[in-house]
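2 protein chains.
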Amino acid sequence: MKRVLASLFAMALTCSAAVADEGMWTFDNFPSSVVEKTYGVRIDGPWLDRVRESTVRLAGCTASFVSDEGLILTNHHCAAACLAENSSKDRSLLDEGFVARGRSTEIKCPTQLADVLVAMENVTGKIDAATRGLDDRTANDARKKTLTELEQACEKTTGNKCQSVALYNGGQYFIYQYKRYTDIRLVFAPEAGIAAFGGDPDNFQFPRWCLDMALLRAYENGKPVKPIRHLKVNFEGPKAGEFVLVSGHPGSTDRLLTVSQLQQLREAELPPSLLRSNELRGRYIQFSKTSDDARRIVEDTLTGLENGIKVRRKQLDALLDEKMMAQKRREEAELRAKVSADRELAAIGDPWADIERANAIARNLDTELTYLEGAAGFNSRYFRLARTLVRGAAEREKPNTERLREFTDAALPRIRQQLAAPVPIYPELEKLTLSFGLERMREWLGPDHPTVRSLLAKDSPDTLAQSLVMGTKLGDPEVRLALWNGGAAAIAASNDPFIQLARSIDPQARALRKRYEDEVEAPISVAEEKIARARFKLYGTNVYPDATFTLRLNYGTVQGWVEKGRPVEPFTRLSTAFERATGQAPFRIPDSWQQVKASLDLSTPVNLSTNNDIVGGNSGSALLNARGEVVGLMFDGNIHSISGAYWFDTAKNRSIAVHPAIMKEALSKVYRADDLLRELGAKK
Amino acid sequence: MKRVLASLFAMALTCSAAVADEGMWTFDNFPSSVVEKTYGVRIDGPWLDRVRESTVRLAGCTASFVSDEGLILTNHHCAAACLAENSSKDRSLLDEGFVARGRSTEIKCPTQLADVLVAMENVTGKIDAATRGLDDRTANDARKKTLTELEQACEKTTGNKCQSVALYNGGQYFIYQYKRYTDIRLVFAPEAGIAAFGGDPDNFQFPRWCLDMALLRAYENGKPVKPIRHLKVNFEGPKAGEFVLVSGHPGSTDRLLTVSQLQQLREAELPPSLLRSNELRGRYIQFSKTSDDARRIVEDTLTGLENGIKVRRKQLDALLDEKMMAQKRREEAELRAKVSADRELAAIGDPWADIERANAIARNLDTELTYLEGAAGFNSRYFRLARTLVRGAAEREKPNTERLREFTDAALPRIRQQLAAPVPIYPELEKLTLSFGLERMREWLGPDHPTVRSLLAKDSPDTLAQSLVMGTKLGDPEVRLALWNGGAAAIAASNDPFIQLARSIDPQARALRKRYEDEVEAPISVAEEKIARARFKLYGTNVYPDATFTLRLNYGTVQGWVEKGRPVEPFTRLSTAFERATGQAPFRIPDSWQQVKASLDLSTPVNLSTNNDIVGGNSGSALLNARGEVVGLMFDGNIHSISGAYWFDTAKNRSIAVHPAIMKEALSKVYRADDLLRELGAKK
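Chains as they are written, first to last, in my numbering: chain A, 168 to 851; chain B, 168 to 851.
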């Protein structure tokens, strides 16, 4: 297997990835001619515009408009934060699910938003002009400053949300323009018991039986939005072998990294982060056993953590695969040889060595950076809020282009939305995470590190966490907004223990960040740009850029794969879910389904697999047929898809979708949501 | 740094390690002439005999006889199991410490034992004769059978405990003969607060301030033993730069492994084991916070787990060090080239490739083997007891040489001792570990694995763990002994749920083990023997064997090292411990010390560092001066010592000892143990 894959991968980098149905293509560079040649399907400009304008970016996920009244289809797990934020110790919307009976009962999702990409401008030339002739550090600052200026100008002119995007690791810069909606409400979510049937054990597995769907609705001025466009759901779903596409926002891939960057991940970054997460998992699980309240408090957080653990665990496995690394080394050697052989390119020097040097510095900085600037040592929502308030106050006193990029004017409305959101914070859980963070900081920085020593001079991690959490008022949105609005003076006057802590840590944390930006980020940015430009010159844009949580389109077909010699079929059926149920979470099918079991068509397809090239961030993406109809709802990949962070495994990487037939069956027979079915065109 | 080390390491493998003060030498092959040449110290036969006969092997540790009344000096952490076994929910001897006031108050350590090595016989020729001409699998069985026969014959003839030892990964086989004591009692242990001051954060760190000492006493027929020999403690301790030796039982090193074996460790073995341990750590810690009882119940177990995590974490770091691996690759290539070039050796074929093939098979077996045969899926003391009872009954029906090696006649008394030991088992903790094991088994084998599916058909890991733990009677030593004595019939008739579980798992677990032995262990044993013989031919026995928890002697000097450009001094003083104390565990100095602080000499040295080459298992070893006097008590290594599993880092690998001066200060002023001071010759 590895040999075939390795050579396909080599091809992907050296000519065109299209033959492998691989690639996360930007809408302005979609390989329509290859698709037409291979599949006989014409994906033209109007098709692309319609799909782009129907596709929605949520916080960390994708979604689609599916009615002209602002109805948004996405995954249950993309609505999980909203469900958790509207839950309490005593009542869990995750457990119980939610069906709005009429518009007035739709519930606000306090931290959700929905963006639709309406324009893209290539600003590579402007960035080049702003950084030409500067040394690495000055160029790094100038690049950020210019991007802030461009975003600011765009927002002022258009009234839209404008964000810069670096494609091909800095080979191209764009300003993307979004129509943004911030009043998003929950319309429908099934119980987690069926949305995530199989829980963590089944996560990243196929065959699978999950109704991982939710419906939201975008509002503006208190009224449902009439979106620019929307997609039609085809409840028949696709056939095996059918040509399909996925439009969405893949979060992040590292397929263009250099070998030394991959080694940095496998040696210095993934292992400590996995160890930390696994211990926290154990703490959460043990905490969840102390009471039903505790279980409800921690369930959404735990699910997210376990998902992240599985991803990074399999990423580490991929990077520890010596055959794959050997292939990466060969490809890099080939590219370096071509660069040396090209008279013009040879002038760029050795950016690979520059990256390696910067990474050596990163290794010395990483632990302190993680615990102090990354705040792993102060792991709590209170601290993150305090950090935002403390830094926000300081940064807003500076001119827009001089600020840390996360505090530019363009970013402020979103920060304010999050500070104002009346989401529950549970002190028990904050104590747990904070004590954990302090304890690990003491372990990794050592008890004699000055910060550790001063924080824990008379305290244990537990006693310090206790006094901080008991003393803070930051759980109250009014208190947070008062501090935000009060600016630097209010922060300086605050005696909230978390504000005091964030204030006291800030100088060292900023100093570490500055060192990292100057000594690691700056030279790596320059080196990556050089490599990207060399690739363009040698290979053109037949190569797709790494995922950056911006809009991409990819294509493939409905298909299973061969696992240890046995074919895996691309469709699952409802009957098997009932056979597999144990009565105990996470293999417990909810009562709502058990009660109507006799009326259900057990042959209904539940999930399906395709060979589309997607990663996290694509969750909630529509699976489209050639006509641009929704024939599935992407929610996961199989276990082999995780190595997709570094390469696309043509033989085994499969994505997983909810079949529209099970949506219809559930909405009609289990949840009796006739209005929604009518709105979706499934019922007259 | 790396370059210097790498070349020293190359030397260690290719000529002699002696120049680097490196090596865990067997007493029959100690490089006395090198020592005499380098240090002007004569270590002759009588010296070696006296030290060997004073050195004691405990369960997992080392110790020394230090009086003619059977007094044994070892580490507190080597007596921790005894302290925990004599504790209860309400009272922790770990927390409180223990001082026997008179012989009659010395407490039995129910699972401890003490072995003194009295003879060694080289049986390599006999093993060769028994396996010559056989295929790998038959040879593997024949080797084990012959070793069992040799042990049996030795025990019958001598009345001593006889154990086979494979040195140089099978290059040599020995039968080691031990005088064994099984009635071991606790005489003295300080509070864990001072014995392990700094706890896990300080573990594997230096500078350090731990009184990690305990005193035990060996009894026979109800009376203190008069040992063959004993060592004298020199309470002055050593000087900086002084020549010193360590006699003890290093547990395990992997310095002679092939590159593919090291890759197997870093890619397939260490990561999953670390992830599992880290989650369990989180569960234990969270459990410990639920009550004081819970904290006491779990403290010893947690300490052991955290120690293991730190070791494996730094081992993984070492194996992820590409420079070190490149060096290993070069050395292996050199050895392979020499083998190919040698007409006689070339006939052995390619044992490196044989190992690589076997490891590929291991990778497919590993997960099932770990969870079912390794019983990680049934992680509980009850299950381990049940497994022992179920297998023991079946195995004892077979002739001695046909049995699984852990159930030969030679092994039975120790099994019986452990079954009979009235040690507390806490159901709350058993539920925690068992539920954890079941949950991870479901994750790693998948919910559709037949064993998982049948166990959890209607249960969650929690509900199954609950019913198993609540239903078992195996916490009662009488019940265990009745089942042991009742043999196969009693096992077949038992309706204890753990016995039933162990019975039901046994066929698959044994089948996995058999496959592993035949397809992995057998070819690897043969290949390792071939490589070892090639090494002997090319390099002689100037190379020391990997550690195997058998008696070794090494030498070095009292010294610190240079850490990031700064020298670390080899001695610490009591004053600094008080300065560093926070009042909160694990940085809390016990009240017994605080109360007499004014009377203490704060300049007393507490710990010291040397460059002796030791690893886990050496804990409790005496640090000896040239005259063979005890001038320290080894209890740890610095953080760089952990890579000692794979190579000896001359510049930075340091071992850590308790200074005898602090022992005297503590016994006299804090614990007022005048009788012990007299027995140790420190007081008239």
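The C-beta atom is built at its ideal place from N, Cα and C for all residues, glycine as well.
In this text, all values refer to a predicted model and were calculated from it rather than measured experimentally.
Distance, residue j Cα to residue i Cα
| i | j | result |
| --- | --- | --- |
| A/Ser661 | A/Leu539 | 21 Å |
| A/Lys704 | A/Glu688 | 24 Å |
| B/Lys851 | B/Arg572 | 50 Å |
| B/Gly404 | A/Ala560 | 59 Å |
| A/Asp142 | A/Ser810 | There is no way to answer for residue 142 of chain A, as the model of chain A reaches only from 168 to 851. |
| B/Leu623 | B/Pro394 | 54 Å |
| B/Arg581 | B/Thr349 | 9 Å |
| A/Met492 | A/Ser427 | 10 Å |
| A/Val773 | B/Gly783 | 53 Å |
| A/Ala578 | A/Thr291 | 22 Å |
| A/Ser254 | A/Leu556 | 26 Å |
| A/Arg747 | A/Pro734 | 20 Å |
| B/Asp891 | B/Ile592 | Residue 891 of chain B lies beyond the range of chain B shown here (168 to 851); nothing can be said about it. |
| B/Cys228 | B/Ser507 | 41 Å |
| A/Asp460 | B/Ala656 | 48 Å |
| B/Lys323 | B/Val825 | 40 Å |
DSSP three-state assignment for residue i, whether helix, strand or coil
| i | result |
| --- | --- |
| B/Asn785 | coil |
| A/Met287 | strand |
| B/Asn401 | coil |
| B/Ser621 | helix |
| A/Thr305 | helix |
| A/Pro772 | strand |
| B/Asp517 | coil |
| B/Pro394 | coil |
| A/Pro891 | With chain A covering 168 to 851 only, the question about residue 891 of chain A has no answer from this structure. |
| A/Arg845 | helix |
| A/Tyr711 | coil |
| A/Asn445 | helix |
| B/Arg268 | coil |
| B/Val465 | helix |
Candidates the options: closest to residue i by CA position
| i | options | result |
| --- | --- | --- |
| A/Pro628 | A/Arg607, A/Ser199, A/Pro617 | A/Arg607 |
| A/Leu240 | A/Gly799, A/Gly471, A/Val837, A/Asp350 | A/Gly799 |
| B/Lys640 | B/Ala309, B/Tyr549, B/Leu314, B/Ser254 | B/Tyr549 |
| A/Tyr386 | A/Lys346, A/Leu412, A/Met380 | A/Lys346 |
| B/Leu596 | B/Met637, B/Lys764, B/Ala824, B/Ala659 | B/Met637 |
| B/Val223 | B/Ile274, B/Arg845, B/Val285 | B/Val285 |
| A/Thr717 | A/Asn546, A/Ala306, A/Pro518, A/Tyr343 | A/Tyr343 |
| A/Arg530 | A/Glu436, A/Asp576, A/Ala678, A/Leu260 | A/Glu436 |
| B/Phe745 | B/Pro712, B/Gln762, B/Asp615 | B/Gln762 |
| A/Ala281 | A/Leu383, A/Ala247, A/Leu225 | A/Leu225 |
| B/Leu382 | B/Lys681, B/Glu684, B/Asp295, B/Gly264 | B/Gly264 |
| A/Phe364 | A/Leu843, A/Gln319, A/Thr743 | A/Thr743 |
Residues near residue i in its chain [Cβ-Cβ closer than 8 Å; skip 5 each side]
| i | result |
| --- | --- |
| A/Ala543 | Arg443, Thr537, Gly604, Arg607, Met608 |
| B/Leu122 | Because chain B here runs from 168 to 851, residue 122 of chain B falls outside it and cannot be looked at. |
| A/Asn779 | Asp188, Val411, Leu412, Val413, Asn721, Tyr722, Gly723, Leu790, Met801, Ser822 |
| B/Arg740 | Leu769, Ser770, Thr771, Pro772, Val773 |
Close beta carbons around residue i, own chain, < 7 Å, minus the five adjacent residues each side
| i | result |
| --- | --- |
| A/Glu568 | Residue identity check: residue 568 of chain A is Thr in the sequence provided, not Glu. Correct list, in chain order: Lys312, Thr315, Glu316. |
**Q.** Where the region 423-436 of chain A meets chain B: residues whose CB sits under 8 Å from a CB there
**A.** Gln430, Arg433, Glu434
Q: Scan the region 754-779 of chain A for residues whose Cβ lies nearer than 8 Å to a Cβ of chain B and list them as they occur along the chain.
A: Phe754
Q. Looking at chain B, which residues of the region 437-451 of chain A have a Cβ within less than 7 Å of any of its Cβ atoms?
A. Pro438, Leu441, Leu442, Asn445, Glu446, Leu447, Arg448, Gly449, Arg450
Q: With 8 Å as the C-beta to C-beta threshold (strictly closer), list the residues of the region 626-642 of chain A near chain B in chain order.
A: Asp626, Ser627, Asp629, Thr630
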